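**Student:** Numbering (the UniProt record's numbering), first residue to last: 1 to 797.
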DNA sequence: AAATTATGAA
């Protein structure tokens, strides 16, 4: 299949077409623009012609010159038209209108408005024919301010009752996003024609207000007007907005009854509607019946295949389009194909499309570039996404959001946060809820709760705290930072909880070892008749696994399929292996893996490897590691784990062998660190760390807390290192785990500062003990090899 | 002498 794509890409590489496209893109526009500005500044020549108008009022109209002017304008030859215009005498409103129309039609909106201003300056009065063009130019510039000025002028001159002008105004306000103003114009009109209604309906499509759209659609019929193809096309767009299947079919009936079935644009809209409503079969049926397929219909179908999870069919449609010879792919075709590449995770295909777009002169193109950023992000290539992003000439909110998502999906958290801050500080692009919920996972993973709280207040200021997506990310962020209470508070206050909200809060309790609360929340969710999805069960099963709720884990695992019809995925099997491994039942875990219907991944085996280490089963560990290395030869963690197990067993030759293997493969041991933030400073600890200047205090605190939970530390062992003591050193390692050291540092500092505030003297070691022993330490520390991934809550009465 | 509304897009 991929050779067909490659062939079809290279076949249409036509140098002539490429140069044509490029020319349209830039050359013409800039040339025109320059000459007009130069000529407009020489207003003396036009001035003199005005003088001549006054002198020769009686002189007969030169119709042949006027006719030439019109034909230049109609063929888009504005330079020639301008020369003729300047040389002409007897210029009246009609000539000016022709010029304004010409500039509007070729997209030189600024020049059209300049001409409109100039004609007034020259004393020529604009009439009802002038304004539709001028208003269209405002739409082209998306300039509400110019539009409002013109509207004011219309009210002053009394032209605001002209139906054509009012219709233009409705279109303008609809397109610049001021639907209320469009409504105002519409309501004030005394005679509304079909175009007025159609324009209003189109405005509602753009505003995304399908309710008012259909209200309008019905109201116009009550006034005795029959919807034509314009209104029907908008209504079809409204159906995909609303996603009402019945409404779509109802509107399809209008098409048939009105006899619009043969109209290509109507056919396209119908296909698009059925695609967006997920009714792909209907769309394909209609697509097959279209007699002359153009680029747009193909694009609608390609987009439909892509959005309905049929990426290969999307490419099939591209090949059909190229083989038909009637239609050529354009920039939008590329935009529609890129999500298909992302779904296939096929980087080669994505790059082919990128190359095709470059060769055909489609770039620069804001939407296409954004789609490229999105595709590279989803194909796991944040570097390429970044490259496209920073080469873009223009960027908008959506392109920034796409880049942020690409960073976050690929774990480039720092970059995501920096980009977010850049956008925020630069200020020209206004953030939305999507921006925030894209970047929050990056804040959740990085160790600074302080900055997370800053973002939270920023969210409240911007009013995004009511948004469900944002709140879900916030719940996750607080949970990952160990502040379960705040996470719960946000969850409880959230007005409209969706399935993600529930999944997140269940997982939050799960990762903190509060399996019971997690399961209670799961029941509560079911009582509220919210249907769990596949991710819900990942949350529930991990909660059971972490808290050692073996029976409940099995219950939920089997009820997934029987009660909810959800087939367990690889991640669910992973949770179960974890559960069995934690319970120490290695044989069961192993049989479970062998009997599961899916091919085990490295992560599944990794779960069993961890379990075999905790149970000291070195034979199983070796076997499992073999499986992992066959899947991922560079899995550093597994090498280290195996090496540690050999060390614990005193098998030094094997330790050495593993180290050599790692050297050969160029793998380095990564050192895990734990960070904690105190008074705006970040402190980093490694396991058994003694490098901190306050290590004495930290180990003091550690000793005290260990005493409270019944663990003891043979203090000298970490001071010296002798191979024979390695066994003990290894088994003691969790005692001085980096997470514990970080927490003890925080606890100690807290006590010191509290005591200092009270007594204004430095507390001694005994002092510290006295206070720490009395501290209520809230957490079930014994449950885990570390106490917790989250800070321990310490309160002093 | 002349005008206004439509299809596919992240």
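Ideal Cβ placement from N, Cα and C applies to all residues, glycine included.
Model, not experiment: these values are computed from the prediction.
1. Quick check on residue 697: does DSSP put it in helix, strand or coil?
2. State the Cα-Cα distance for the pair residue 127 and residue 99, rounded to the nearest angstrom.
3. Among 687, 419 and 624, which has the Cα closest to the Cα of residue 401?
4. Out of 384, 398, 380 and 369, state which residue places its alpha-carbon closest to the alpha-carbon of residue 392.
5. Can you name the residues that DSSP bridges to residue 111?
6. Output the distance between the C-alpha atoms of residue 454 and residue 429, rounded to the nearest integer angstrom.
7. When DSSP builds the beta bridges, which residues end up paired with residue 685?
8. Determine the direct distance from the alpha carbon of residue 443 to that of residue 805, and round the result to whole angstroms.
9. Look up residue 132 in the DSSP assignment and say whether it is helix, strand or coil.
10. Less than 9 angstroms between the C-beta atoms of residue 441 and residue 412, yes or no?
11. Ends of the alpha helix (DSSP H) at residue 214?
12. Alpha carbon to alpha carbon, how far is residue 602 from residue 409?
13. If residue 480 sits next to residue 445, beta carbons under 8 angstroms apart, how far is it from one beta carbon to the other, in whole angstroms?
14. Just to confirm the assignment: which complete alpha helix (DSSP H) runs, minimum length 4, are found wholly within the stretch 223 to 288?
15. Give the C-beta separation of residue 512 and residue 537 to the nearest angstrom, bearing in mind that I take them to be a contact with Cβ-Cβ under 8 angstroms.
16. Is there contact here, the stretch 280 to 299 with the stretch 233 to 247, by at least three beta-carbon pairs under 8 angstroms?
17. Look at the Cβ atom of residue 646, then the Cβ atom of residue 654, and state whether they are nearer than 9 angstroms.
18. Grouping DSSP H, G and I as helix and E and B as strand, with all else coil, what is residue 203?
19. Taking only three categories from DSSP, how would you classify residue 680?
20. Identify which residue in 322, 137, 345 and 363 has its Cα closest to the Cα of residue 335.
21. Can you tell me the Cα-Cα spacing of residue 558 and residue 550, whole angstroms?
22. Mind checking whether residue 304 and residue 275 have CB atoms under 9 angstroms apart?
23. Roughly how many whole angstroms lie between the Cα atoms of residue 556 and residue 606?
24. Round the Cβ separation of residue 535 and residue 503 to the nearest angstrom and send it over; I've been treating them as touching at under 8 angstroms.
25. Return helix, strand or coil for residue 328, following the three-state DSSP convention.
26. Would you give the residue range spanned by the alpha helix (DSSP H) that residue 590 belongs to?
27. If you count every other CB in all the chains shown that lies within 10 Å of the CB of residue 253, and 16 or more means buried, which is it?
28. With distances taken Cα to Cα, identify the nearest neighbour of residue 575 among 590, 545, 589 and 600.
29. How many Å lie between residue 306 and residue 563 at the Cα?
30. Would you kindly check if the distance between the Cβ of residue 172 and the Cβ of residue 232 is under 9 angstroms?
31. Quick check: what's the CA-CA separation for residue 508 versus residue 750?
32. Among 498, 63, 517 and 543, which one has its Cα closest to the Cα of residue 532?
33. Give a yes or no on whether the C-beta atoms belonging to residue 63 and residue 96 are separated by under 9 angstroms.
34. Count the other CB atoms within 10 Å of the CB of residue 197; is the residue buried (16 or more) or exposed (fewer)?
35. To which residues of the same chain is residue 207 closer than 7 angstroms at the C-beta, ignoring the five residues directly before and after it?
36. What is the rounded straight-line gap between the Cα of residue 672 and the Cα of residue 636?
**Tutor:** In short, the structure shows the following:
1. Residue state, collapsed to three classes: helix.
2. For the pair residue 127 and residue 99, the Cα-to-Cα distance works out to about 14 angstroms.
3. Considering only alpha carbons, the answer is 419.
4. The residue with the shortest Cα to Cα distance from residue 392 is 369.
5. Bridge partners of residue 111: none, in fact.
6. The alpha-carbon atoms of residue 454 and residue 429 are separated by roughly 20 angstroms.
7. For residue 685, DSSP records a beta bridge to 674.
8. As shown, the chain starts at 1 and ends at 797. That puts residue 805 outside it, with no answer to give.
9. Here residue 132 carries a helix assignment [DSSP, helix/strand/coil].
10. No; because the gap between Cβ atoms is not below 9 angstroms, this pair is not in contact.
11. Counted as a single uninterrupted DSSP element, the alpha helix (DSSP H) harbouring residue 214 occupies residues 210 to 222.
12. Linking residue 602 to residue 409 through their CA atoms gives a straight-line distance of about 20 angstroms.
13. In this structure, residue 480 and residue 445 form a Cβ contact; the two beta carbons are roughly 7 angstroms apart against a cut-off of 8 angstroms.
14. Counting only runs of 4 or more, we get 229 to 242, 245 to 257 and 264 to 276.
15. Going by Cβ atoms, the distance from residue 512 to residue 537 rounds to 19 angstroms, so no, they are not a contact pair.
16. Cβ pair count under 8 angstroms is below three, so no.
17. The answer is yes: Cβ separation under 9 angstroms.
18. Helix at residue 203.
19. Residue 680: coil per DSSP, three-state reduction.
20. When each option's Cα is compared against that of residue 335, the closest is 363.
21. Our two residues, residue 558 and residue 550, have alpha carbons roughly 13 angstroms apart in a direct line.
22. By the CB criterion at 9 angstroms, residue 304 and residue 275 fall inside the cutoff.
23. Distance from the CA of residue 556 to the CA of residue 606, rounded to the nearest whole angstrom, comes to 23 angstroms.
24. Right, the Cβ-Cβ distance comes to about 5 angstroms (below 8 angstroms), so this counts as a contact.
25. The three-state secondary structure of residue 328, taken from DSSP, is coil.
26. Per DSSP, residue 590 belongs to the alpha helix (DSSP H) from 586 to 595.
27. Burial call: exposed.
28. The residue with the shortest Cα to Cα distance from residue 575 is 545.
29. Cα-Cα distance, rounded: 32 angstroms.
30. Using a Cβ distance threshold of 9 angstroms, residue 232 and residue 172 do not count as a contacting pair.
31. Rounded to the nearest angstrom, the two C-alpha atoms are 26 angstroms apart.
32. The shortest C-alpha separation from residue 532 is found at 498.
33. Residue 96 is positioned such that its CB atom lies no closer than 9 angstroms to that of residue 63.
34. Buried: at least 16 other Cβ atoms inside 10 Å.
35. Excluding residues within five positions, the ones whose Cβ falls inside 7 angstroms are 179.
36. C-alpha separation (whole angstroms): 12 angstroms.
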